[in-house]
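Since the structure comes first, as structure tokens, the remarks are kept for the end.
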Amino acid sequence: MGWQQLPDEVVEEVGQVVTQMLDHDDPASKPLLTALVAALKERLGTDHQATLNALSTLANLGRDLGDQAGRIDAIERVLASYDRQGRQEEALMAALGLAMAQDETGDAEAALRTYASAYARAERIGRPELRSQVLRNWGLALKEAGRVGLAEQRLTEAVNQARRGTDRDTVGRACIALGLFLQHEARLPEARTVLEEGLTVMDPVHPDAIIGRSHLGAVLDGRTCGCGDMAGTIADAFREFVITRLPADLLGHLDVAIVDGDFKIEVGLRREPTQGELDRLNEVFQTAHAEFRHRISEPRYAG
């Protein structure tokens, strides 16, 4: 690329624009991005953040195009750079990405080894939220590999570690992962307890909260699989999202349903709102639509 005379900040901006404009469905994007990575490496260095950002995009492109070997190679290069720089948390996230990529290629044993090394990284960092995240993903991978006993141990410890931290979403995600595991093992009372705990601490718009709420509905129906009425679950989450963000005495009733792929909403007010409350009401409904509309079209999660 003819950019030797350009300032570094312009080179970085060019790299950012190219990665943002790539068509991830077009195989021709791969040689273009590979050339960009090489040029950024030559100009800015292997460990420069612009080079690493382009490599991360190359990994995502490999996933989208089915080039799993290229995806793994790109992640390994990012991981090695973060290790060289002593950036422990970034390296941990890269290791989790590597484990997921290995698992998706069908190399479950390599993925499990990477999860084990990722947990050692989390132990060195010492944050319970990071330990929980690794343990949750590791437990899910063990379950998929048929190692049910070890999976339960990791998922249970993920909940315990999350409770030691301060991040509510981490607690919620760990509880929901364990709850789904227990549901599928036909341990419905235990599943109900842990799912309810997770849902009490999570924002209802969080994707894991929607999954957890739907599976809780199946648990309450006495089912060990299936995610229940997903449309009804999303509508209920929409309703909760709105109600918890408005004055308690403002809404008389709020009915939410999904009809023909969109939300049908009926609102009744207890009293005349002030102009500020009316502005807030409109803002909350706009936010709820933006947050939940795309959930309607997402693939249903397997039970």
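If you use the numbering used here, the sequence shown corresponds to residues 72 to 374, in order.
Cβ coordinates follow ideal geometry from the N, Cα and C atoms, glycine included.
Give me whichever residues DSSP pairs with residue i in a beta bridge.
i: K45; result: Only positions 72 to 374 of the chain appear in the structure, and residue 45 is not among them; the question remains open.
i: L375; result: Missing from the structure shown is residue 375; the chain here goes from 72 to 374 and no further.
With respect to the alpha helix (DSSP H) encompassing residue i, which residues constitute its N-terminal and C-terminal limits?
i: P102; result: S100 to L115
i: Q139; result: Q139 to Q156
With a cut-off of 8 Å on the beta carbons, I'd call residue i and residue j a contact; round off their distance for me.
i: V327; j: F309; result: 5 Å
i: L221; j: A189; result: Actually they do not touch by this definition, with Cβ atoms about 15 Å apart.
i: A165; j: L150; result: 4 Å
i: T122; j: L129; result: The pair is not a contact, with the Cβ atoms about 10 Å apart (cut-off 8 Å).
i: L325; j: P344; result: Rounded, the Cβ-Cβ distance is 14 Å, inconsistent with contact.
i: I247; j: G283; result: 4 Å
i: A187; j: L163; result: Rounded, the Cβ-Cβ distance is 13 Å, inconsistent with contact.
i: A229; j: G210; result: 6 Å
i: L169; j: E147; result: 7 Å
i: L249; j: V272; result: The pair is not a contact, with the Cβ atoms about 14 Å apart (cut-off 8 Å).
i: F198; j: G236; result: Just to set this straight, residue 198 is Arg in the shown sequence, not Phe. Rounded, the Cβ-Cβ distance is 7 Å, consistent with contact.
i: Q232; j: R202; result: 4 Å
i: V276; j: F356; result: So it is not a contact: roughly 13 Å between Cβ atoms.
i: A262; j: L270; result: So it is not a contact: roughly 12 Å between Cβ atoms.
Quick one: what does DSSP say residue i is sitting in, helix, strand or coil?
i: H277; result: coil
i: L270; result: helix
i: L93; result: coil
i: G374; result: With a pLDDT of only 33 at G374, under the threshold of 50, the placement of this residue in the model should not be trusted; the figure read from the coordinates follows. It is coil, neither helix nor strand.
i: E348; result: helix
i: A216; result: coil
i: P260; result: helix
i: R134; result: helix
i: L123; result: helix
i: T176; result: coil
i: L253; result: helix
i: L167; result: helix
i: D307; result: helix
i: L77; result: coil
i: R316; result: coil
i: G86; result: helix
i: G236; result: coil
i: R225; result: helix
i: G243; result: helix
i: A359; result: helix
i: T128; result: helix
i: G293; result: coil
i: M72; result: With a pLDDT of only 48 at M72, under 50, the local geometry of the prediction cannot be trusted, and the value read off the model is given with reservation. Looking at M72 - three-state DSSP - the assignment turns out to be coil, as it is neither helix nor strand.
i: R364; result: helix
i: E354; result: helix
Next on the checklist: I'd like the ranges of any alpha helix (DSSP H) spanning at least 4 consecutive residues and lying wholly in the segment 186–214.
Outcome noted: None, since the segment 186–214 contains no complete alpha helix (DSSP H) of that length.
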